[in-house]
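What follows is a set of notes on a single structure, which appears directly below.
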Amino acid sequence: MSEREDSRHSLRSPRSASSRRRGQSLASPHVNRPRAFDNAAVANAYARWAPVYDLAFSEAMRPGRKIAAAVASRHKGALILDVGVGTGLELPMFDPASRVVGIDLSEPMLRRAARRVAASALHHVAGLSMMDACHLAFADATFDVIVAPYVLTVLPRPEASLDEWVRVLKPGGEIVLVNHIGTTRGPLAWVEAKLAARSAALGWRPEFPWRILADWLAGRAGLALVERRALPPFGFFTLIRITKR
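All residue numbers for the sequence shown refer to this note's numbering, where the first residue is 2 and numbers rise by one.
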């Protein structure tokens with residue numbers, strides 16, 4: 002890799018005061034929600050996960066990553082924001098003609114992503130940055146597609162983060178989510194409730210309810226839910242596609 006390419010993939014931690022102010026002013030509807038946790042808890046959890054993340058989650062989450070990348074790649078030549086890029090497992094799955102910017106709150110995870118980009122010569126990856134999903138250091142209407150696989154369940158303020166993604170999305174653009182949606186009844190609901198008590202240590206919110214997304218969408222006339230479907234093999238994860246008019 003050349004010096005120019007190496008600098009392109011370096012980890013950056015933006016300090017834009019205007020971006021921080023913009024994110025802090027975002028309104029968030031009041032809903033009954035599961036146990037919350039803060040960015041420090043999430044960052045600490047994923048610092049612990051980083052060394053074993055690929056081994057633990059690569060295969061189980063591969064189908065959802067492939068589908069999310071395939072949906073994003075339908076936008077030919079798109080500039081794609083990959084929120085919660087982690088160790089970069091989905092980066093090789095995007096169309097090489099696209100340009101992908103990956104962000105994550107965890108520096109240890111991003112360092113592994115940077116090594117993956119270098120080792121696999123992923124030239125379509127335009128950059129990797131350490132950034133809070135709720136406070137993006139990008140201009141309005143920058144990206145054609147926002148991809149966020151397995152991210153909503155780790156966000157302390159999911160609605161505020163979604164608002165920020167909409168801000169940086171171009172009109173006509175698309176948000177592609179893959180997420181576990183909590184079960185409201187049955188044995189799985191009981192399991193999720195038990196896991197919720199340890200959500201900060203896990204780094205994710207296992208009982209994330211659909212109502213959070215539904216209420217958020219209901220208050221935003223410029224958005225449209227175009228697809229919601231359970232993904233194979235067991236329907237544990239859901240594909241959600243939202244377009245911005």
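Glycine included, each C-beta is placed from N, C-alpha and C at the ideal position.
The model shown is predicted, which means the values in this text are computed figures rather than measured ones.
Asked	Found
Spatial neighbours of I104 in its chain, beta-carbon cut-off 8 Å, leaving aside the 5 residues before and after	L82, D83, V84, G85, V86, L129, S130, M131, M132, A134 and L137
Beta-carbon proximity of A142 to L163, cut-off 8 Å	no
Residue of V53, P210 and K67 minimising C-alpha distance to T154	P210
The segment 88-108 in contact with the segment 56-74 per 3-pair CB rule at 8 Å	yes
Inter-residue Cα distance where the pair is D145 and A231	24 Å
Alpha-carbon to alpha-carbon, I182 and L123	32 Å
Same chain, Cβ closer than 6 Å to I241, five either side skipped, listed in chain order	L178 and R229
DSSP-derived helix/strand/coil call for T244	strand
Span separating the alpha-carbon of L106 from that of R112	11 Å
Spatially closest choice to P234 from V167, W217, P64 and H76, by CA coordinates	P64
Residue range of the unbroken alpha helix (DSSP H) whose run includes V169	P159 to V169
Option nearest T244 by Cα separation, candidates M62, I147 and D216	I147
N- and C-terminal bounds of the alpha helix (DSSP H) containing R116	E108 to S121
L178 (DSSP reduced to helix, strand or coil)	strand
Other residues of its chain near A114: CB distance less than 8 Å, five sequence neighbours each side excluded	V86, G87, T88, G89, L92, G103, D105 and L129
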